[in-house]
Amino acid sequence: MFGESTKHTKVEARYVDHPVAKHRCDQCTMWRPPNGCSAVEGVIKPFGFCKWWKLSKRLKRKQEEKEED
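The numbering of the sequence shown is this note's numbering, which starts it at 192 and goes up by one.
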């Protein structure tokens, strides 16, 4: 669905330049530092959010490790 050749507009993604429910772009699996996204075109802020947000596997593992402790 998402790839470099199929980026969507910020309007389509319902992108906002602030976190929503503590979810931020720089925590998302599609985040591409320093200001990019594999799904949404244009400059993306680390603290932004869109409707396709998905927790990165790296952060998901960290959360699971904390729950095990």
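Note that beta-carbon positions come from the ideal geometry of N, C-alpha and C, so glycine has one too.
Quick one: using the 10 Å Cβ neighbour count with 16 as the cut-off for buried, is residue i buried or exposed?
| i | result |
| --- | --- |
| A212 | exposed |
In the DSSP output, what is residue i paired with across the bridge?
| i | result |
| --- | --- |
| V231 | H199 |
| W244 | Answer is none; W244 lacks a bridge partner. |
| S219 | Sequence inspection shows Cys at residue 219; the Ser mentioned does not correspond to that position. Answer is L246. |
| H214 | V211 |
Does the Cβ-Cβ distance between residue i and residue j come in under 8 Å?
| i | j | result |
| --- | --- | --- |
| H214 | W244 | yes |
| K198 | C216 | no |
| F240 | V207 | yes |
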